[in-house]
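**Q** The sequence shown runs 8 to 75 under this note's numbering.
For each residue, glycine too, the CB sits at the ideal point set by N, CA and C.
Treat the numbers as computed from the prediction; the structure is a model and nothing was measured.
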Amino acid sequence: FFYGDYYVMELDENYQWAVIGSSSDKYLWILSRSPKMEDSLYNQILKKLSNRGYNINKLIKVKQKDVE
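1. Below 8 Å on the Cβ atoms is my guess for residue 32 versus residue 61; work out the distance and round it to an integer in Å.
2. So is residue 67 buried or exposed if we call it buried at 16+ other beta carbons inside 10 Å?
3. Please give me, in chain order, every unbroken run of the beta strand (DSSP E) with length at least 3 that falls completely inside the stretch 14-67.
4. Can you say whether residue 38 is buried or exposed, counting buried as having 16 or more other CB atoms within 10 angstroms of its CB?
5. Quick one: what's got a C-beta closer than 7 Å to residue 52's C-beta in the same chain, skipping five residues either side?
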């Protein structure tokens, strides 16, 4: 069994994306409702996270399959 403390750190006003983090800086996710996020938006989110002290170089952007 596994559990942890997770926090919604950033949330789009239209719920199109969210940033979820743990109580430490060990875990961090950028979640999107759509499989493709605009690069400009992704970079804005990364900038916010960097300003909060997260090492954004550790993030791995997972390529999503095209949806028909």
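**A** On the basis of the coordinates in this document:
1. What you label residue 32 is simply residue 25 of the sequence shown in a count that begins at 1. What you label residue 61 is simply residue 54 of the sequence shown in a count that begins at 1. The Cβ separation is near 6 Å, so the contact holds.
2. To locate residue 67, count along the sequence shown from 1; it is residue 60. By the neighbour-count criterion, in which 16 or more other beta carbons inside 10 Å mark a residue as buried, residue 67 falls on the exposed side.
3. Within the stretch 14-67, the runs of beta strand (DSSP E) at least 3 residues long that lie entirely inside it are, in chain order, 24-29 and 35-39.
4. If you number the sequence shown from 1, residue 38 lands on position 31. The residue is exposed, with fewer than 16 neighbouring Cβ atoms inside 10 Å.
5. For this step, residue 52 is matched to residue 45 along the sequence shown. Same-chain partners within the cutoff: 17, 26 and 37.
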